[in-house]
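Numbering (my numbering), first residue to last: 1 to 420.
Glycine is no exception: its CB is placed at the ideal position from the N, C-alpha and C atoms.
Please read these numbers as outputs of a predicted model, since none were measured by experiment.
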RNA sequence: GGAGAGGUGGGUGAGUGGCUCAAACCAACGGUUUGCUAAACCGUCAUAGGGGGUUAACCUCUAUCGAGGGUUCGAAUCCCUCCCUCUCCGCCA
């Protein structure tokens, strides 16, 4: 959620930033008009409430003396009716403003490249080299079938397409990746958490996922709970409605969850195997920090995510995500993409975002300094999602015979060196 | 699922219609005292929004006692609905 005061005082800046994100700018003027109305209602109704409070105190005094206060009571009845009417108008204005605000994304930082789609993202760093064996690389679906470690048909039978199923060493490899990532992040100073996979509406709203993206979520009908699209949602909500101790910032969490996404509207795109799924596993990093630290924390978080890939010897690149492709709550975003030798393309495996105070304002996550309350900055980063990483890992490490060599750093987690 | 109890500021906890515009204590912070520590004493001690202001300190108003409605001139307090927590019973991994 953007700061209403910022919109009121810098409408031109807001419009410029929204244009950069290919958003309509009309809501800005609507909000400013509504805000003007809102503040008129507030001063009017508060004046009346002040009057009522004073006269009610007088009535109490008069009654104590045993005198008659009927006239004042009658007057105040009218005032109270008036207040009720004005309160309703005020609430309407506030709701209208909020409806606009819920549709407006975070403003992009100046370092974010301008653009419309992922084609306009700018490569920022690249590490490692493409697997270049002198044989035809099998894709992960073929490998999975040949080695009997992945079975998308079974997943579809149980749940539907896009629900992966792992077997034997395939399942162990997945579990090994998760444990390896969690242990590594723990040693980098993150507190590990294990959390609910279903969250209530308030938590989804605080993380700015709902109502804007409600169509993309799995939702349980009788209880109005949402299957989390990312661990970011429960972790951000740990500190909802809290004033954090500034001495303890930055506060860093890592946690594993399954992630659920309906991917409504993207049917027919990247449908093969793991490339686009409804359920996947992810280890998430979240950082609550001082506003002035957030960009430095972002670089650090990026390095923590990349560190995993380097230890696994996976060829990756980082792109600076452009204004048109950034996430709703992000002020700046890096995507980490891993190389798939069989698809011959880059696959997004992580996204590191600085959400500045956008979520913390909605979620009321603050800290205090010099007697003033300020919003913390919140960053999230995948560290990382396993599905596409899995693709890159098994494809890149395959032998000409179609076996998979487990990277050294993972072997103590898998307790085997080869999948054959 | 059934029965009961309860939700008050960072914590404990008083408060059943009007000097409660939430007592007291603890924690925290600032200060005095002190050779140092401790103790004692004094002070500060919510959040959000509006208005004023030398737009900073500050002043002022309004709202907030789980959430939302209602009754009333006036609600932490009375009524209704919902949510949550605890205890017991049932079921169950």
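N-terminal and C-terminal residue of the alpha helix (DSSP H) that residue 301 is part of: 294-311
Per-residue burial, residue 323 [other beta carbons within 10 Å of its own, 16 or more giving buried]: buried
Through-space distance from residue 257 to residue 179, alpha-carbon basis: 12 Å
Environment of residue 312 [buried if 16+ CB atoms lie within 10 Å]: buried
Boundaries (first-last residue) of the alpha helix (DSSP H) holding residue 176: 169-187
Cβ-based burial, residue 285 [other Cβ within 10 Å; buried from 16]: buried
Distance, residue 3 Cα to residue 204 Cα: 19 Å
Heavy atom of the ligand GTP within 6 Å of residue 237 beta-carbon: Ligands are entirely absent from the displayed structure, and the ligand GTP is therefore not among its contents.
Beta-carbon gap between residue 287 and residue 297 smaller than 7 Å: yes
Beta-carbon contacts of residue 353 that lie in its chain and below 6 Å, excluding the five residues immediately before and after: 327, 330, 333, 380
Bridge partner(s) assigned by DSSP for residue 255: 193, 284
Proximity below 7 Å, CB of residue 124 to CB of residue 415: no
Sequence-distant residues of the same chain with beta carbon closer than 6 Å to residue 436, five excluded per side: As displayed, the chain neither begins before 1 nor continues past 420, which places residue 436 out of reach and without an answer.
Beta-carbon proximity of residue 377 to residue 289, cut-off 7 Å: yes
Spatial distance of residue 336 from residue 176 (CA atoms): 21 Å
Whole runs of the beta strand (DSSP E) within the region 106-174, excluding any shorter than 3 residues: 122-127
Beta carbon of residue 261 nearer than 7 Å to that of residue 229: yes
Start-to-end residues for the beta strand (DSSP E) that takes in residue 320: 316-320
Any beta strand (DSSP E) of 3 or more consecutive residues that is wholly inside the region 338-364: 345-354
Of the listed residues 340, 399, 325, 396, nearest to residue 22 (C-alpha basis): 325
Sequence-distant residues of the same chain with beta carbon closer than 6 Å to residue 55, five excluded per side: 72, 76
Three-state secondary structure assigned by DSSP to residue 204: helix
Residue 316 versus residue 306 - alpha carbon distance: 8 Å
Beta-carbon gap between residue 339 and residue 130 smaller than 7 Å: yes
Option in 64, 24, 201 with minimal Cα separation from residue 363: 201
Cβ distance (whole Å) where residue 128 is taken to contact residue 121 below 8 Å: Wrong, their Cβ atoms sit about 19 Å apart, outside the cutoff.
Buried/exposed call for residue 255, threshold 16 Cβ in 10 Å: buried
Residue 199 - partner residues in DSSP beta bridges: 226
Cα-Cα separation, residue 60 to residue 78: 18 Å
Residues sharing a beta bridge with residue 381, DSSP: 285, 352
Nearest neighbour of residue 231, chosen from 149, 155, 29, 351 [CA to CA]: 351
Cβ shell of residue 361 (< 6 Å), same chain only, five flanking positions each side left out: 1, 375
Beta-carbon separation (whole angstroms), residue 366 vs residue 373, contact threshold 8 Å: 5 Å
For residue 43 and residue 52, the rounded distance between their alpha carbons: 14 Å
Among 386, 12, 304, 199, the one whose alpha carbon lies nearest that of residue 107: 12
First through last residue of the alpha helix (DSSP H) which encompasses residue 390: 386-396
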